[in-house]
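Just below is one structure, and these are the notes that go with it.
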Amino acid sequence: MRPPRRGLTLVELLVVIAIIGVLVALLLPAVQSAREAARRMQCANNLKQLATALHNYHDAEGVFPAAQYDSGWVANVYPHFAGFPGLYPFLDAQPAFDDINFDAGLTGIGGYGMMMDENSTAATIQLSVFLCPANRSQSTQGHRGLAYALERSCATDYLMSGGAIFYPFSHHASSTQEPSWEKNPQSRGIFAYDSSVKISQITDGLSKTYLLGEHAGGDAANPYLATNPSGGERVCVPLGSASVAVHQENLIFAGTNGWTGPMNINYEKVGRALIGLTVDQVGAYYPPNDCAYYATIPVSNFRSVHPGLVQMAMADGSVTTVSDSVAPNIHMGSSTIEGSDDL
Numbered sequence: 001m002r003p004p005r006r007g008l009t010l011v012e013l014l015v016v017i018a019i020i021g022v023l024v025a026l027l028l029p030a031v032q033s034a035r036e037a038a039r040r041m042q043c044a045n046n047l048k049q050l051a052t053a054l055h056n057y058h059d060a061e062g063v064f065p066a067a068q069y070d071s072g073w074v075a076n077v078y079p080h081f082a083g084f085p086g087l088y089p090f091l092d093a094q095p096a097f098d099d100i101n102f103d104a105g106l107t108g109i110g111g112y113g114m115m116m117d118e119n120s121t122a123a124t125i126q127l128s129v130f131l132c133p134a135n136r137s138q139s140t141q142g143h144r145g146l147a148y149a150l151e152r153s154c155a156t157d158y159l160m161s162g163g164a165i166f167y168p169f170s171h172h173a174s175s176t177q178e179p180s181w182e183k184n185p186q187s188r189g190i191f192a193y194d195s196s197v198k199i200s201q202i203t204d205g206l207s208k209t210y211l212l213g214e215h216a217g218g219d220a221a222n223p224y225l226a227t228n229p230s231g232g233e234r235v236c237v238p239l240g241s242a243s244v245a246v247h248q249e250n251l252i253f254a255g256t257n258g259w260t261g262p263m264n265i266n267y268e269k270v271g272r273a274l275i276g277l278t279v280d281q282v283g284a285y286y287p288p289n290d291c292a293y294y295a296t297i298p299v300s301n302f303r304s305v306h307p308g309l310v311q312m313a314m315a316d317g318s319v320t321t322v323s324d325s326v327a328p329n330i331h332m333g334s335s336t337i338e339g340s341d342d343l
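UniProt numbering puts the sequence shown at residues 1 to 343.
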């Protein structure tokens with residue numbers, strides 16, 4: 001006769017549960033770390049695809065695209081078209097490109113290109129390559145056109161590199177800073193308003209010069225925005241404070257409602273950026289992962305949701321990581337086409 005089976009006692013059961021809990025606690029950080037590494041790798045792959053698309057554009061046009069295009073004096077306040085949509089054909093997104101009416105605008109004085117009603121549908125087409133999966137899978141804000149309002153417009157988590165100069169205008173009818181970009185190649189980057197930089201102008205070397213980099217968009221990634229009150233030192237204030245926007249979103253089409261920047265469907269100001277810089281409005285060093293900038297022009301720093309670093313695509317198409325503690329002269333020099341510094 002076999003002896004009766006003895007089950008686990010309450011104490012033994014609690015011990016087993018405790019051991020399982022300890023194992024889960026030990027494994028969870030490793031699983032989370034692996035997931036973050038995978039998402040970071042996908043962000044790097046996105047940068048690589050965008051860099052390749054920019055080079056294919058250069059091969060086709062002989063120059064890199066401008067970060068944003070003006071068209072007449074009105075476009076100084078109401079920009080015409082951003083540069084990213086010009087990459088769509090090189091990102092296997094020809095139908096999205098074909099949906100854009102690049103002839104839209106005000107007759108005679110230009111401007112308003114993406115604000116025109118015929119481009120309202122195109123402004124909603126979100127390509128996944130522009131969003132870092134570690135940050136989000138869709139944009140968070142829309143914008144108001146001349147006679148339309150979108151709940152969600154296409155956005156980007158990557159910015160074109162504008163260098164170590166705050167006013168990246170190759171020419172701009174109302175800008176007193178106009179000569180500074182054209183005449184200071186040691187400070188300017190590859191991209192600006194109406195720029196047309198050639199590879200031959202990047203004398204620092206392609207492997208030593210930023211092409212574009214991460215800038216995590218959306219409210220969740222930007223609880224604070226930076227501003228220079230009264231032209232003084234840059235400070236970070238909570239999103240929605242009186243001196244900054246209510247929301248942050250890097251709208252690809254840069255639709256604006258005057259100098260205050262884009263407005264969403266609820267008429268709330270939306271801070272945005274298309275050009276990444278390494279200095280702020282007063283010329284002070286702007287490190288990676290400092291809070292995003294709020295200004296009347298779409299510029300900011302480079303920042304990510306990856307702890308302690310940002311990923312940058314170099315002008316040779318490679319992707320590298322830049323630490324938050326990078327030396328200022330290295331970060332600023334690497335953002336310019338003749339800055340003479342490398343990583």
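Glycine is no exception: its CB is placed at the ideal position from the N, C-alpha and C atoms.
Beta carbon of residue i nearer than 8 Å to that of residue j
i: residue 335; j: residue 189; result: yes
i: residue 97; j: residue 81; result: no
i: residue 276; j: residue 241; result: no
i: residue 210; j: residue 161; result: yes
When the options are compared against residue i, the one with the closest alpha-carbon
i: residue 120; options: 37, 278, 287, 252; result: 252
i: residue 239; options: 221, 229, 230, 153; result: 221
i: residue 205; options: 324, 14, 19, 316; result: 316
i: residue 153; options: 104, 124, 19; result: 124
i: residue 288; options: 282, 278, 297; result: 278
i: residue 236; options: 15, 292, 198; result: 292
i: residue 282; options: 89, 166, 339; result: 166
i: residue 112; options: 42, 148, 324, 332; result: 148
i: residue 133; options: 40, 302, 88; result: 40
i: residue 207; options: 45, 319, 10; result: 319
i: residue 63; options: 83, 49, 44, 93; result: 83
i: residue 68; options: 296, 331, 195, 56; result: 195
i: residue 314; options: 117, 11, 51, 15; result: 51
i: residue 267; options: 286, 330, 151, 339; result: 151
i: residue 324; options: 43, 296, 297, 286; result: 286
Chain-order list of residues whose beta-carbon lies under 6 Å from that of residue i (same chain, five-residue window excluded)
i: residue 294; result: 225, 227, 244, 245, 271
i: residue 130; result: 156
i: residue 290; result: 301
i: residue 135; result: 157, 216, 221, 305
With 16 other Cβ atoms within 10 Å as the buried cut-off, status of residue i
i: residue 128; result: exposed
i: residue 258; result: Bear in mind that the predicted position of residue 258 carries a pLDDT of just 48, short of 50, making it unreliable; the figure below should be weighed with that in mind. Under this definition residue 258 is an exposed residue.
i: residue 146; result: exposed
i: residue 22; result: exposed
i: residue 344; result: Residue 344 lies beyond the range of the chain shown here (1 to 343); nothing can be said about it.
i: residue 141; result: buried
i: residue 13; result: exposed
i: residue 76; result: The predicted position of residue 76 is uncertain, since its pLDDT is 49 and thus under 50; no value can be drawn from it.
i: residue 100; result: buried
i: residue 248; result: buried
Chain-order list of residues whose beta-carbon lies under 8 Å from that of residue i (same chain, five-residue window excluded)
i: residue 284; result: 233, 234
i: residue 337; result: 163, 185, 188, 189, 190, 197, 201, 202, 203, 204, 209
i: residue 231; result: 281, 282
i: residue 57; result: 64, 65, 86, 87, 90
i: residue 213; result: 47, 158, 159, 161, 276, 302, 310, 311, 312, 313, 322
i: residue 11; result: none
Per DSSP, the bridge partner or partners of residue i
i: residue 263; result: 269
i: residue 227; result: 235
i: residue 215; result: 303
i: residue 35; result: Residue 35 is not bridged to any residue.
Neighbourhood of residue i by C-beta, 7 Å cutoff - its chain only, sequence neighbours within 5 removed
i: residue 104; result: 113, 116, 118, 119
i: residue 137; result: 131
i: residue 55; result: 317
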